[in-house]
Structures are given as C-alpha cells and as structure tokens.
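Numbering (this note's numbering), first residue to last: 708 to 779. Even for Gly, the Cβ is constructed at its ideal location relative to N, Cα and C. All values reported here derive from a predicted model rather than from experimental measurement.
In structure tokens:
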C-alpha cells in the first residue's frame with residue numbers, strides 16, 4: 708500500500724468523496740473493498756482517504772455511463 712505522503716493528489720475523507728459522487732458512505736466503502744477505487748489508510752485507526760483525482764475520474768466514468776444509458 709502506498710504511503711499517503713507519496714500521493715500527489717489531495718486526499719479526501721470518505722464523507723467528502725461521497726458528497727462529490729452523490730453516494731452513501733457504505734457504497735464507497737464497498738467499492739474500496741471490491742477494488743473499484745483505491746483507498747489509502749491513514750492514522751492509528753486506519754481511516755480511509757481517497758485521492759481527489761480518483762474520485763473525479765470515477766465521477767466522470769459514472770456520468771459518462773449515465774449519459775449513455777439515457778441516450779438509448
């Protein structure tokens with residue numbers, strides 16, 4: 708697992724990432740466990756953090772898929 712200090716993109720907390728993606732925190736946690744998005748564990752509790760660039764890429768992918776679905 709990469710150390711957060713080596714990540715160039717700002718790290719977002721789970722709640723911040725979920726607000727951007729318009730999803731529930733449990734969904735983001737599940738996606739992390741399934742490998743859909745990479746989570747970085749920080750602090751003594753091992754809190755999840757997500758790269759902002761990864762969240763934006765996932766949002767664009769989600770939006771692109773939604774547009775393709777609605778255009779049919």
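At 4 residues or longer, what runs of the alpha helix (DSSP H) sit wholly inside the stretch 712-752? 721-728 and 732-741
Cα separation between residue 752 and residue 727? Numbered from its first residue, the chain shown carries residue 752 at position 45. Numbered from its first residue, the chain shown carries residue 727 at position 20. If you take the alpha carbons of residue 752 and residue 727, they lie about 24 Å apart.
Where residue 743 and residue 750 are concerned, what is the direct C-alpha to C-alpha distance, given to the nearest angstrom? As a first step, residue 743 is located in the chain shown; it is residue number 36 there, counting from the start. As a first step, residue 750 is located in the chain shown; it is residue number 43 there, counting from the start. Between residue 743 and residue 750, the C-alpha separation is close to 23 Å.
List the whole-angstrom C-beta distance separating residue 745 from residue 761, where the pair is believed to meet the contact cut-off of C-beta under 8 Å. Within the chain shown, the letter at position 38 stands for residue 745. Within the chain shown, the letter at position 54 stands for residue 761. With 8 Å as the limit, residue 745 and residue 761 qualify as a contact, their Cβ atoms being about 6 Å apart.
Rounded straight-line distance, which links the Cα of residue 767 to that of residue 720: Taking the chain shown and counting its residues from 1, the one referred to as residue 720 is at position 13. Taking the chain shown and counting its residues from 1, the one referred to as residue 767 is at position 60. Cα to Cα, residue 720 sits roughly 19 Å from residue 767.
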